[in-house]
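The next block holds one structure in the form of structure tokens; read it before the comments.
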Amino acid sequence: MPPRAWICLVLLVLPTAACGGGGTLSTKAFQRQAESLQSLAAEGGLVAQGRADGRATGTFVSVQTEYLAKAAGKVETELGAAHASGGLEQKRKSALRLASRVTAELGELHRAPDERALAERLASDLRDAADAAEKLAK
Amino acid sequence: MKKIFQIALGILAAIGGFVDIGDLVFNVQAGAKFGYELLWVVVVGVVGIIVYSEMCGRVAAVSKRPVFDAIRERLGFGVGLGALIASEIVNLMTLAAEVGGVALVLQLLSGLPYRVLILVGIAGLAVAIWVAPFDWIERIFGYGGLALLVFAVGAVKLHPDWGSVSHGFVPHVSSSDKLVYAYFAVGLLGAAMTPYEVYFYSSGAVEEGWTPKDIGLNRANSMIGYGLGGFLSFALMITAGALFLPLGIEPELIGTVALGAQVPLGAIGLLLALVGILFAVGGAAIDTCFSGAYNLAQFFGWEWGKYRRPSGAPRFTLAWLALLGLALLVIMSGIDPVLLTEYAVIFSVVALPLTYIPILLVANDRSYMGRYVNGRLANALGLFYLVVIGLVALSAIPLMILTNQGQG
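Chains as they are written, first to last, in numbering that gives the first Met the number 0: chain U, 0 to 137; chain H, 0 to 407.
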């Protein structure tokens, strides 16, 4: 393949592969967002439980939850910017509320990684949020 | 004693080369998505890299010529230049991703700002390359990376279903998400057989002054080193399959990988995992940096080698310094190292045939190799892997597009 063709291919592939959602939300796109939310909440739950049990360092918990909160914030923004029709719109609103809650809880853990009681409560809340997101994704 | 120390070359190549950020990302993501179903692909990749690294180590020991010499000679200047450009782009992407990985792990350990730690990481790598002798680099990063064995302990402590694990070693096609399965299979093969590993390995063999007497050592290095790397890959995938899959966690962060050791083993598991990742990714960054400089120097006929003083190989020294500088610019742009890793692995897959075809040709050339020419087994395996490499090279980018980078 000539070099020019390679460059064209790369320029074509990168934006295509990287582009996200926005606009009207399809069922599949919604499912992806709900699965992402489930993943972030479940991981947040694991991290929080690790801190509550004294099995993870405060620094690790603070840094990891900062990244998780950013990712959850991105899901929240994308769900907020999109719109859907019929039953999916109701699910989108539920997912948006859930994303907002998960973002806030991960942010709390990021700011106060040394409060074990808080970590215990957030671990439970985040596990519940992951279950709720899983139901929305189905 | 010298032989034992020389085996460290294989261990460094395995930990710092085989288990790099690409392996961490693809093995853990594949485990989280498909459980143990893709373990057999790791076996295919490990055997492939053993076959070809043994071949290029033998070529280096007999002919004193590293891989890129063969590429230029066998493919001609034009195609050789294409191979050089492709490999340098992939090297740079990989190096930038590894530097980003180093900074992320340092951040998880220290809590300091990521961008500051990128600078610290780059400076640390530059100092290590400049100051430390080659064999010390091998030992520091190779043995530090052995902390990754914590994932093997973690995998056992997570009590996976060993029946499912053993089933995963039998080649099969997934019943669900076939395209995504294929994407991860291609990614795992690409991560296992990434070209910089053989560039580094063969150049290292020339630097160490291997002769035909070292052919046994070469075999031991490639088998033990890459075999160990493969074992660590199994551990990472099993950990992810046992821990992340049931919870629906899709690992997108380096810190998530470390959770695989923290959950079963607590704070000590977390610390060992982070240290292991730091040394493995740091070692791979050095391998990649050297590979890029080796390729340039060998292609253009410059003096090269870590055993020379910087003034004895000035263009080689400038090349690795420039690569580190470019990697710094790329990663400081804010690109996500994990995303960059995925691109680097998939694009490296496309370049695989340009690396491996010349190795097979030279290893079969009696005028170079004399009585050390490939035997029937090496040729049969070499040809089998060329077919595999050709198929994955053709399918890598279409699969990346069709599956939205494995998102489905």
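All C-beta atoms in this analysis are idealised placements derived from N, C-alpha and C, irrespective of residue type, glycine included.
Burial of Lys305(H) is indicated by the presence of at least 16 other C-beta atoms within 10 angstroms of its C-beta. Interface with chain H (8 angstroms Cβ-Cβ cutoff): Ala71(U) is excluded. Within its own chain, the residues whose Cβ lies closer than 7 angstroms to the Cβ of Ala47(U), once the five positions on either side in sequence are excluded, are Leu108, Ala118, Leu121, Ala122, Leu125, listed in chain order. Using a CB distance below 7 angstroms, the part of the region 230 to 249 of chain H facing chain U consists of Leu246, Gly247, Ile248, Glu249, ordered along the chain. In the structure shown, the three-state DSSP call for His82(U) is strand. Annotation note: the region 69 to 145 of chain H contains the following uninterrupted alpha helix (DSSP H) runs of length 4 or greater, listed N- to C-terminal: 113 to 130, 133 to 144. For Ala71(U), the closest C-alpha among the options Ala94(U), Gly53(U), Ala55(U) is that of Ala94(U). Look at the region 46 to 80 of chain U: the residues with a C-beta under 9 angstroms from a C-beta of chain H are Val46, Gln48, Gly49, Asp52, Gly53, Arg54, Ala55, Thr56, Gly57, Thr58, Phe59, Ser61, Val62, Gln63, Tyr66, Leu67, Ala70.
In this structure, Thr64(U) lies near Leu105(U), with their beta-carbon atoms less than 8 angstroms apart. Contact with chain U is found for Glu251(H), since one of that chain's Cβ atoms lies less than 8 angstroms from the residue's Cβ. Looking at the DSSP output, Thr23(U) bridges to His82(U). Under the Cβ distance rule, Ala131(U) does not count among the residues neighbouring chain H, no pair being separated by less than 8 angstroms.
Close partners of Arg100(U) in chain H (Cβ separation under 8 angstroms) are lacking, with about 17 angstroms as the shortest Cβ gap. Residue state for Asp127(U) is assigned as helix, using DSSP reduced to three classes. For secondary structure counted as the beta strand (DSSP E) over 3 or more consecutive residues, the region 239 to 280 of chain H holds no complete run. Rounded to whole angstroms, the gap between the alpha carbons of Pro112(H) and Met92(H) is 22 angstroms. Proximity of the region 85 to 102 of chain H to the region 190 to 209 of chain H meets the contact definition, three or more beta-carbon pairs being nearer than 8 angstroms. A residue is called buried once 16 or more other Cβ atoms fall within 10 Å of its Cβ, and Gln261(H) is buried on that count. Within a 10 Å sphere around the beta-carbon of Leu235(H) sit 16 or more other beta-carbons, which makes this residue buried. From the listed residues Tyr342(H), Ala266(H), Phe383(H), Gly254(H), the smallest Cα separation to Leu359(H) is found for Phe383(H). The beta carbon of Glu34(U) sits closer than 8 angstroms to some beta carbon of chain H. Between the C-alpha atoms of Leu67(U) and Gln106(H) there is a straight-line separation of about 15 angstroms. The Cβ atoms of Val205(H) and Ala59(H) lie closer than 8 angstroms to each other.
Counting along the chain, Met331(H) sits inside the alpha helix (DSSP H) bounded by residues 313 to 331. DSSP places Val391(H) in the uninterrupted alpha helix (DSSP H) bounded by 375 to 401. Within 10 angstroms of the beta-carbon of Gly381(H) lie 16 or more other beta-carbons, which makes it buried. By the neighbour-count criterion, in which a residue is buried when 16 or more other Cβ atoms sit within 10 angstroms of its Cβ, Trp129(H) is exposed. Cβ atoms of Ala80(U) and Arg91(U) stay farther apart than 8 angstroms, at about 11 angstroms. For Leu107(H), the residues of chain U that pass the 9 angstroms Cβ criterion are Thr56, Thr58, Phe59, Val62, Gln63, in the order they occur in the chain. As the crow flies, the alpha-carbon of Pro170(H) is around 23 angstroms from that of Pro397(H).
Within the model, the alpha-carbon separation for Val280(H) versus Asp19(H) is close to 5 angstroms. Contact check for Ile117(H) against Leu323(H) fails: the beta carbons are separated by 8 angstroms or more.
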